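Right, one structure below, let's go through it.
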Amino acid sequence: VEKVSCGIPFLSILKILGGAIKMKNGTVSVIIPCYNYGAFLGEAIESVLAQTLKPIEILIVDDASSDNTQQVGLAYQKKYPGFITFHRNEKNMGIVDNFNNAVPMTSGEYICFLGADNRFLPNYLELSAKVLDEDPSVGIAYTDYYLFGEQAKQVYDSHKENRRGKIENGFYYINFPEFDLDEMKIGHNFIHGSSMYRRAAYEQVGGYKNQKAAPEDYNLFLRIVTSGWTARKVHGTYLEYRQHSSEQANRKVVEKAQLEYYKERLAYFEKEAKDLNEHWVRDVNELRAEIDRLTSLIADKDRMIAEKDQVILSLQNQSALTFLRRKLKK
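Next comes the structure, spelled out in structure tokens:
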């Protein structure tokens with residue numbers, strides 16, 4: 435029997451059963467969020483099915499789409515029972531709530547989101563998981579990607595020149611740098627939303643957050659890498675990132691969010707600079723006060739030494755005079 439689960443009741447059941455599904459070590463869960471991308475959903479699913487490292491599950495989360503997403507998702511669930519699960523929200527939850535609602539429905543140690551309009555190349559999961567397997571301090575594994583689709587060139591041209599790579603058969607290569615925490619802290623986002631991350635890292639920082647000042651994936655990954663974890667680049671291009679008119683609308687939203695984020699960061703740095711200046715003035719004043727105190731102490735000690743020398747000299751003179759008087763009496 436085909437069933438469509440609904441977000442809130444499902445989570446209530448999880449709580450009744452004692453919380454989230456038990457995590458399975460060394461395994462990968464793939465989550466495909468979808469909103470009106472039914473036309474592309476099959477390609478995304480097939481790219482996961484073709485992986486050299488099979489995930490333990492594929493979860494499709496439909497955020498109340500009005501197209502054929504449900505039809506496509508249910509067909510795959512029927513074809514791969516127990517492996518592919520289709521979940522439809524009763525109402526549209528938005529990106530962050532949809533993502534956070536999806537993660538507890540899975541059980542893999544590693545989590546990987548794939549946009550319903552994007553595609554993995556066959557070794558994406560294997561090479562990303564290998565990076566996490568080899569170093570327990572790495573919380574996120576990220577890759578380069580290819581842009582494709584009707585708006586690919588436009589998006590390619592908008593990237594910094596040093597990130598633009600080869601162009602081949604309609605695919606535009608974007609090259610991301612090695613991980614640099616300082617770069618991330620100042621708002622340079624080079625870890626894309628389909629990067630694989632540890633469930634433990636996700637849970638430690640409390641999942642995705644609703645913050646208009648930064649894209650949800652950047653916000654999550656920044657909190658992870660500033661909470662004791664690091665990130666590492668998987669060398670190679672294993673993700674195909676579709677760029678089309680709908681994606682451009684999403685991109686504008688992201689760009690507006692990034693603009694708000696940069697404004698917020700600027701205000702933060704201005705406050706930091708002001709605070710630093712106030713701290714500097716306070717420290718200088720404290721240093722001057724300490725110098726004055728030490729100078730006064732030294733002056734007091736010099737005066738005491740001079741007085742002591744004067745007393746000694748006076749005593750010596752007195753003693754000499756007494757000695758002379760005694761000699762004269764004799």
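Counting in this note's numbering, the sequence shown runs from 435 upward without gaps.
Yeah, the Cβ is synthetic: ideal placement off N, Cα and C, and Gly gets one too.
Values in this document were obtained by computation on a predicted structure and should not be read as measured data.
Using DSSP bridges, identify the partner residues of Ser463. Here the question's residue 463 lines up with position 29 in the sequence shown. Looking at the DSSP assignment, Ser463 forms a beta bridge with Glu491, Ile545.
For the segment 565 to 595, which segments carrying the alpha helix (DSSP H) assignment without a break, of at least 4 residues, lie completely within its bounds, in sequence order? 586 to 592
Presumed contact (8 Å Cβ cut-off) between Asn609 and Asp569, rounded CB distance: On the sequence shown, residue 609 is found 175 positions in, with the first residue counted as 1. On the sequence shown, residue 569 is found 135 positions in, with the first residue counted as 1. That belief does not hold up - the Cβ atoms of Asn609 and Asp569 are roughly 22 Å apart, past 8 Å.
Sequence-distant residues of the same chain with beta carbon closer than 8 Å to Ile658, five excluded per side: By 1-based counting over the sequence shown, the position of residue 658 is 224. Result list for Ile658: Gly573, Ile574, Tyr631, Ala635, Tyr636, Gln638, Val639, Ala665, in chain order.
Report the residue from Phe655, Val464, Thr540 whose alpha carbon sits nearest the alpha carbon of Phe554. As a first step, residue 554 is located in the sequence shown; it is residue number 120 there, counting from the start. Among Phe655, Val464, Thr540, the Cα nearest to that of Phe554 belongs to Val464.
Going by Cα to Cα distance, which pick from Ile494, Leu561, Asn526 is closest to Thr671? Looking up residue 671 in the sequence shown gives position 237. Ranking Ile494, Leu561, Asn526 by Cα distance to Thr671 puts Leu561 first.
Could you check if Trp714 is buried or exposed, using at least 16 other CB atoms within 10 Å of its CB as the buried criterion? Here residue 714 corresponds to residue number 280 of the sequence shown, with the count starting at 1. Flag for Trp714 reads exposed.
What does a CB cutoff of less than 8 Å around His678 pick up in its chain, not counting 5 residues either side in sequence? Translated into positions along the sequence shown, residue 678 becomes position 244. Taken in chain order, the residues that qualify are Asp551, Gly583, Glu584, Gln585.
May I ask you to verify whether the segment 503 to 516 touches the segment 474 to 482, counting CB pairs closer than 8 Å and requiring at least 3? yes
Going by Cα to Cα distance, which pick from Arg676, Leu747, Asp736, Ala740 is closest to Gly604? Working through the sequence shown from its first residue, we reach residue 604 at position 170. Nearest option by C-alpha distance: Arg676.
Quick one: residues in its chain with C-beta nearer than 7 Å to the C-beta of Val565, no 5 flanking neighbours on either side, listed in chain order? Here residue 565 is taken as the residue at index 131 of the sequence shown, counted from 1. Taken in chain order, the residues that qualify are Val572, Ala575, Arg666, Val668.
Start and end residues, beta strand (DSSP E) containing Lys769: It is not possible to answer for residue 769, since the shown part of the chain is limited to 435 through 764.
The alpha helix (DSSP H) that contains Lys667, what's its start and end? Position 233 of the sequence shown holds residue 667. No alpha helix (DSSP H) holds Lys667; the beta strand (DSSP E) holding it covers 664 to 676.
Would Asn532 pass as a contact of Asp497 if the rule is Cβ separation under 8 Å? Here residue 532 corresponds to residue number 98 of the sequence shown, with the count starting at 1. Here residue 497 corresponds to residue number 63 of the sequence shown, with the count starting at 1. Against a cut-off of 8 Å, the Cβ pair of Asp497 and Asn532 comes out as a contact.
Using alpha carbons as the reference points, say which of Ala563, Glu720, Asn470, Leu700 lies closest to Gly621. Looking up residue 621 in the sequence shown gives position 187. Gly621 has its Cα closest to that of Leu700, out of Ala563, Glu720, Asn470, Leu700.
DSSP three-state call for Ile625: helix, strand or coil? As a working mapping, residue 625 is identified with position 191 in the sequence shown. Of the three classes helix, strand and coil, the one that applies to Ile625 here is coil, per DSSP.
Please report the distance separating the alpha-carbon of Glu681 from that of Gly549. Working through the sequence shown from its first residue, we reach residue 681 at position 247. Working through the sequence shown from its first residue, we reach residue 549 at position 115. Only weak support exists for where Glu681 lies, its pLDDT of 49 falling under 50; the coordinates are left without a value.
Quick one, are the C-beta atoms of Gly472 and Thr519 less than 8 Å apart? Translated into the one-based positions of the sequence shown, residue 472 becomes position 38. Translated into the one-based positions of the sequence shown, residue 519 becomes position 85. Cβ atoms of Gly472 and Thr519: not closer than 8 Å.
Quick check on Asp717: does DSSP put it in helix, strand or coil? On the sequence shown, position 283 is the one that residue 717 refers to. Correct three-state label for Asp717: helix.
Pro515 classed as buried or exposed, judged by whether at least 16 other C-beta atoms fall within 10 angstroms: Counting from one through the sequence shown, the residue named residue 515 turns up at place 81. Result: exposed.
Opening and closing residue of the alpha helix (DSSP H) in which Phe533 lies: Reading the sequence shown from its first residue, position 99 is the one you call residue 533. Looking at the DSSP string, the run of the alpha helix (DSSP H) that includes Phe533 is 529 to 536.
With DSSP collapsed to three states, give me the class of Thr789. Only positions 435 to 764 of the chain appear in this structure, which leaves residue 789 out of reach.
Return the chain-ordered list of same chain residues with a C-beta closer than 7 Å to the C-beta of Leu656, the five sequence neighbours on each side being excluded. Your numbering for residue 656 matches position 222 in the sequence shown. Met618, listed in sequence order.
Selected residue, minimal CA-CA separation from Val462, among Lys525, Tyr558, Leu475: Here residue 462 is taken as the residue at index 28 of the sequence shown, counted from 1. Checked all of Lys525, Tyr558, Leu475; the closest Cα to Val462 is Tyr558.
First through last residue of the alpha helix (DSSP H) which encompasses Phe655: The sequence position of residue 655 within the sequence shown is 221, counting from 1. Here the alpha helix (DSSP H) through Phe655 covers 650 to 659.
What does a CB cutoff of less than 6 Å around Arg597 pick up in its chain, not counting 5 residues either side in sequence? Along the sequence shown, one-based indexing puts residue 597 at 163. Closer than 6 Å at Cβ, skipping near neighbours: Ile608, Asn609.
Short of 6 Å in beta carbon distance, which residues of its chain neighbour Thr486, apart from the five on each side in sequence? Order them along the chain. On the sequence shown, position 52 is the one that residue 486 refers to. Taken in chain order, the residues that qualify are Pro556, Asn557, Glu560.
For Tyr606, which three-state DSSP category applies? Here residue 606 refers to the residue found at position 172 of the sequence shown. Note: Tyr606 maps to strand in three-state DSSP.
Nearest-angstrom Cα separation, counted from Ile625 out to Asp614: The residue labelled residue 614 in the question sits at position 180 within the sequence shown. The residue labelled residue 625 in the question sits at position 191 within the sequence shown. Asp614 and Ile625: Cα-Cα distance of roughly 11 Å.
Alpha carbon to alpha carbon, how far is Tyr590 from Tyr544? Give it in angstroms, no decimals. Here residue 544 refers to the residue found at position 110 of the sequence shown. Here residue 590 refers to the residue found at position 156 of the sequence shown. Roughly 30 Å between the two C-alpha positions.
May I ask you to list the residues that DSSP assigns as paired with Met630? For the purposes of this step, residue 630 is identified with residue 196 of the sequence shown, where counting begins at 1. DSSP lists Ala575 as partners of Met630.
Would you mind working out which of Val495, Tyr642, Tyr580 sits nearest Gly599, comparing C-alpha positions? Taking the sequence shown and counting its residues from 1, the one referred to as residue 599 is at position 165. Ranking the options by Cα distance to Gly599, first place goes to Tyr580.
Does DSSP classify Asp726 as helix, strand or coil? As a working note, residue 726 is residue 292 in the sequence shown. Helix, per DSSP.
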